[in-house]
Amino acid sequence: MDTPTPSRRAVLRWGTGAAAALTAAPALTACGQTVGAARTTRQEPTRRGQKVKLVFWTWVPMQKTVDLWNRTHPGIQVEMQAIPANVQGGYQKMHSSLAAGNPPDLAQVEYHELPGFMLVNGLTDLSAYGADKLRDSYVPWQWKQGVFDGRVYTIPQASGPMGLFYRRDLFPQWGIETPATWAEFEKAARVVKARGGGARICAFAPNQPSWFAAMCWQRGARWVRTEGDTWVVDMNDDLSREVADYWARMVRDDLVFVEPDMSSAWYRHVQTGQISAWVGPQWGDALLRGNAPGTKGKWRVAQLPQWKAGQNASANWGGSSTAILQGSRHPREALQFAHWINTDRQAVDLNIGVGYGWPAAAGILRGSALDRPDPFFGGQRYNDVFAASDRAIDTSWKWSPTTDADFAQLQDAFGAAIASDGALASTLAGAQKSTVDNLLAKGLKARSAR
Amino acid sequence: MSTVISRTKTSAPGGRRSARPDRSAWAFLLPFVALFAFTFVLPLGYAVYQSLLKPIRSGPLGLGPATVGFAGLDNYSLALQQSAFLESFARVLLFGIVQIPVMLLLATALALALDTVSNRWAGVLRAAYFLPYGVPGVIASILWGFLYVPGVSPLVDLLGRIGLAPDFLGYDNVLWSIANIVIWEFAGYNMLVIVAQLKAIPQELYEAARIDGAGQWQTALRIKLPLARPALVLTGVFSIIGTLQLFAEPLIIKPLTPAVSSSYTPNLSAYTEAFANNNIYLAAAESVILALVASVLSFGFLSLVNRKERRDAR
Numbered sequence: 117m118d119t120p121t122p123s124r125r126a127v128l129r130w131g132t133g134a135a136a137a138l139t140a141a142p143a144l145t146a147c148g149q150t151v152g153a154a155r156t157t158r159q160e161p162t163r164r165g166q167k168v169k170l171v172f173w174t175w176v177p178m179q180k181t182v183d184l185w186n187r188t189h190p191g192i193q194v195e196m197q198a199i200p201a202n203v204q205g206g207y208q209k210m211h212s213s214l215a216a217g218n219p220p221d222l223a224q225v226e227y228h229e230l231p232g233f234m235l236v237n238g239l240t241d242l243s244a245y246g247a248d249k250l251r252d253s254y255v256p257w258q259w260k261q262g263v264f265d266g267r268v269y270t271i272p273q274a275s276g277p278m279g280l281f282y283r284r285d286l287f288p289q290w291g292i293e294t295p296a297t298w299a300e301f302e303k304a305a306r307v308v309k310a311r312g313g314g315a316r317i318c319a320f321a322p323n324q325p326s327w328f329a330a331m332c333w334q335r336g337a338r339w340v341r342t343e344g345d346t347w348v349v350d351m352n353d354d355l356s357r358e359v360a361d362y363w364a365r366m367v368r369d370d371l372v373f374v375e376p377d378m379s380s381a382w383y384r385h386v387q388t389g390q391i392s393a394w395v396g397p398q399w400g401d402a403l404l405r406g407n408a409p410g411t412k413g414k415w416r417v418a419q420l421p422q423w424k425a426g427q428n429a430s431a432n433w434g435g436s437s438t439a440i441l442q443g444s445r446h447p448r449e450a451l452q453f454a455h456w457i458n459t460d461r462q463a464v465d466l467n468i469g470v471g472y473g474w475p476a477a478a479g480i481l482r483g484s485a486l487d488r489p490d491p492f493f494g495g496q497r498y499n500d501v502f503a504a505s506d507r508a509i510d511t512s513w514k515w516s517p518t519t520d521a522d523f524a525q526l527q528d529a530f531g532a533a534i535a536s537d538g539a540l541a542s543t544l545a546g547a548q549k550s551t552v553d554n555l556l557a558k559g560l561k562a563r564s565a566r
Numbered sequence: 487m488s489t490v491i492s493r494t495k496t497s498a499p500g501g502r503r504s505a506r507p508d509r510s511a512w513a514f515l516l517p518f519v520a521l522f523a524f525t526f527v528l529p530l531g532y533a534v535y536q537s538l539l540k541p542i543r544s545g546p547l548g549l550g551p552a553t554v555g556f557a558g559l560d561n562y563s564l565a566l567q568q569s570a571f572l573e574s575f576a577r578v579l580l581f582g583i584v585q586i587p588v589m590l591l592l593a594t595a596l597a598l599a600l601d602t603v604s605n606r607w608a609g610v611l612r613a614a615y616f617l618p619y620g621v622p623g624v625i626a627s628i629l630w631g632f633l634y635v636p637g638v639s640p641l642v643d644l645l646g647r648i649g650l651a652p653d654f655l656g657y658d659n660v661l662w663s664i665a666n667i668v669i670w671e672f673a674g675y676n677m678l679v680i681v682a683q684l685k686a687i688p689q690e691l692y693e694a695a696r697i698d699g700a701g702q703w704q705t706a707l708r709i710k711l712p713l714a715r716p717a718l719v720l721t722g723v724f725s726i727i728g729t730l731q732l733f734a735e736p737l738i739i740k741p742l743t744p745a746v747s748s749s750y751t752p753n754l755s756a757y758t759e760a761f762a763n764n765n766i767y768l769a770a771a772e773s774v775i776l777a778l779v780a781s782v783l784s785f786g787f788l789s790l791v792n793r794k795e796r797r798d799a800r
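Top to bottom, those sequences are chains E and C. For the first sequence, our numbering assigns the number 117 to the initial residue and increments by one for each residue that follows. For the second sequence, our numbering assigns the number 487 to the initial residue and increments by one for each residue that follows.
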């Protein structure tokens with residue numbers, strides 16, 4: 117039979133027609149299509165007396181602060197929606213909403229994510245709405261995290277200066293002095309292992325590359341820099357390798373638990389005193405308080421151990437901003453809210469209560485909720501330690517616009533290394549290469565530093 | 487050649503009979519075709535289209551406005567160069583080779599056992615076995631996750647007390663811990679499919695077998711199993727596809743252990759590319775590759791089974 121039946125021909129014609137329509141229609145628009153955000157920010161005119169509604173996505177439980185705003189600003193009502201933290205789903209949600217063209221007006225975005233959001237045109241240029249004049253209300257280095265090419269793209273919220281949380285009741289029992297250097301910290305770890313009855317000084321969390329980055333930051337490494345229009349990646353440097361070797365030794369000699377931090381297993385160890393210290397950020401205070409209430413009064417905070425005695429180098433872990441996502445219809449009102457929630461004294465005190473971090477607002481510390489002795493830390497004015505830590509952070513550290521991907525790969529490599537020979541330092545070469553590959557895959561210019 | 491000729495001969499009269507397309511047939515088909523096009527053909531086409539694109543950057547450090555341009559097959563070659571993506575296929579294949587037979591054996595054994603117990607208990611047991619399927623995969627993974635985490639899990643605690651210290655979330659074990667979750671979820675479902683097939687077997691066959699002197703075992707092996715074959719093939723194909731698409735379980739277990747990487751399974755890899763790395767074009771390419779592998783494997787399995795069936799029939 118030579119000719120197919122008419123019905124089959126009709127089906128074929130329908131099929132090819134549909135396929136052609138399918139491929140042709142988007143193809144026409146492909147050249148003019150922009151990457152990322154499907155909708156751009158535009159100020160919508162509001163009538164007198166009309167209520168503006170804003171949506172705010174965050175994983176810090178700031179509902180009380182938002183309630184305060186709604187009570188005091190009847191014309192601009194903000195609805196806070198809790199989202200999963202950062203890469204555990206929060207950013208995935210934001211990126212999908214940007215691509216779909218229905219983003220919230222405001223969202224919490226960490227400093228190291230901002231370049232990545234820039235890459236998808238995900239942030240509103242706030243200079244166009246007068247953000248530049250707010251600059252003096254903020255700590256300069258935190259403000260600069262959101263400035264790209266001279267334009268302001270986000271309002272800083274808080275950072276995470278690091279320190280050493282430790283159990284004041286357990287250390288003397290084992291005859292340990294608060295370690296001031298990393299060498300002393302290692303010695304202390306050996307004592308805890310020997311005398312602690314199954315306890316360890318802390319945990320090494322292979323799932324926390326941003327913690328490891330902070331450790332390298334303190335050592336003086338600089339993972340990313342720019343030369344002309346090229347991103348230069350330098351993760352496999354001697355300083356980072358030294359940090360990696362240090363923790364590899366701690367893991368190999370069984371001086372630390374190896375488990376994800378801030379997980380149920382980790383909290384269990386913290387609650388039972390099996391973990392007696394945490395190299396953590398200031399915002400970790402709320403986590404300890406909330407998840408290990410039984411250890412109240414037993415914790416103290418000390419300066420981050422130093423690589424050389426007498427040094428004063430610190431690091432930052434985490435840090436978030438309140439961004440106005442691309443596509444908002446009320447950027448002016450959103451900016452007003454973002455500025456208020458991060459600088460109003462009452463708002464900041466409420467935020468501190470839920471562990472939002474180290475305020476980005478300038479000169480707000482004195483007299484704030486941070487500026488008082490705390491019973492959870494046995495009456496220590498522990499934030500004085502973090503204030504000193506904050507001043508000692510080298511603020512020239514830069515983030516790559518592919519941090520999420522880079523961290524995911526570093527995390528995978530750490531997991532694999534610990535399962536095999538435990539050589540953490542040898543993963544850095546691979547991490548550096550994959551970071552360069554990630555940048556290239558985004559269509560950027562990039563190379564390895566060595 | 488001969489088969490082709492014989493087929494056209496038989497189909498030719500059929501073609502003449504329906505010289506005009508039957509309008510009512512189209513009306514009946516319309517809801518299906520519309521849904522199929524909207525939820526399957528269109529997204530598939532869009533994924534293929536997106537897999538052929540890439541961003542083109544401008545401005546200082548590439549942070550300026552970017553446009554989308556055609557990439558040809560760049561995304562595909564990039565995906566196939568990523569060793570982690572290729573390893574994820576090896577991982578799900580290994581997973582499937584072990585997990586699918588274990589699960590289907592268990593499902594078949596349960597189905598055969600249920601077919602022999604009295605009717606009153608059969609209903610209760612069937613419901614009990616089927617119950618885990620009603621628990622969404624995410625919830626099931628969270629439940630099992632708690633049972634795997636040392637310090638929290640009563641299971642690990644108990645096993646530790648009798649001198650065993652299983653590391654369910656360890657590098658070598660976590661794949662099988664995930665397999666356990668999947669078996670728990672789907673063994674009952676597959677059992678139900680097989681039970682339905684067994685119920686369709688005519689009672690006369692059993693009578694004939696009994697008259698021929700066959701016992702319970704022989705009836706099960708010689709009559710029930712061969713006749714349940716279509717159900718086994720069906721569950722096999724579903725399981726192959728399901729295994730390749732493994733996603734929710736590793737995603738939920740991931741925060742509990744560093745052993746589950748961000749590209750642990752092909753689907754997780756595409757998810758990471760799309761939403762963590764924000765490269766939807768590469769993610770689309772990975773998804774298309776996954777779809778191709780899934781269809782090759784399931785059609786391969788079907789043709790393998792059918793060939794054997796034809797050989798057996800001869």
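Backbone N, C-alpha and C define an ideal beta-carbon position, used for all residues, glycine too.
Closer than 7 Å at the beta carbon, the chain E residues around residue i
i	result
S747(C)	D528, G531
Y562(C)	Result: empty, since nearest Cβ-Cβ is about 13 Å, beyond 7 Å.
L768(C)	A557
P688(C)	Result: empty, since nearest Cβ-Cβ is about 37 Å, beyond 7 Å.
Partner residues on chain C for residue i, Cβ-Cβ distance less than 7 Å
i	result
R384(E)	G637, V638
P219(E)	What P219(E) touches in chain C: nothing, since even the nearest Cβ is about 14 Å away.
S380(E)	V635, V638
V236(E)	N764
Anticipated Cβ contact below 8 Å, residue i with residue j, distance rounded
i	j	result
W670(C)	A626(C)	7 Å
F733(C)	Y757(C)	7 Å
Contacts that residue i makes with chain C (C-beta to C-beta distance below 8 Å)
i	result
Q204(E)	P741
P322(E)	P744
D241(E)	By Cβ distance, chain C contributes nothing, its closest Cβ being about 12 Å from D241(E), past 8 Å.
Residues that residue i contacts on chain C, provided the C-beta gap is smaller than 9 Å
i	result
N407(E)	Going along chain C, no residue has its Cβ under 9 Å from N407(E), so there is no contact; the nearest lies around 13 Å.
S212(E)	A760, F761
V349(E)	Going along chain C, no residue has its Cβ under 9 Å from V349(E), so there is no contact; the nearest lies around 13 Å.
A535(E)	G656, Y657, D658, P744, A745
Where residue i sits in the DSSP three-state scheme
i	result
W703(C)	helix
N432(E)	strand
A565(E)	coil
S781(C)	helix
M196(E)	strand
S437(E)	strand
V681(C)	helix
Y254(E)	strand
K412(E)	coil
E690(C)	helix
A140(E)	Unreliable positioning characterises A140(E) in this predicted model, as indicated by a pLDDT of 37, which lies under 50. The coordinate reading is nonetheless provided below. Helix at A140(E).
Proximity winner among the options, relative to residue i (alpha-carbon distances)
i	options	result
G279(E)	P295(E), R267(E), T156(E)	P295(E)
T297(E)	Q422(E), M331(E), K180(E)	Q422(E)
E693(C)	V681(C), I709(C), Q683(C)	I709(C)
N605(C)	K685(C), A511(C), A777(C), Q704(C)	K685(C)
Y615(C)	F785(C), F632(C), L564(C), M677(C)	M677(C)
Q106(E)	A565(E), T438(E), S430(E), A408(E)	This structure cannot settle anything about residue 106(E), because the visible part of chain E is limited to 117 through 566.
T543(E)	G559(E), G312(E), F523(E)	F523(E)
Bridge partner(s) assigned by DSSP for residue i
i	result
S444(E)	Note: S444(E) sits in no beta bridge, so no partner.
G396(E)	G279(E)
F373(E)	A319(E)
F264(E)	R267(E)
P272(E)	S437(E)
I534(E)	DSSP output for I534(E) lists no bridge partner at all.
A418(E)	L280(E)
P177(E)	Its beta-bridge partners do not exist; DSSP assigns none.
F556(C)	L539(C)
Contacts of residue i in chain E (Cβ-Cβ under 8 Å)
i	result
P529(C)	Those within 8 Å of P529(C) in chain E number zero; the least Cβ separation is about 11 Å.
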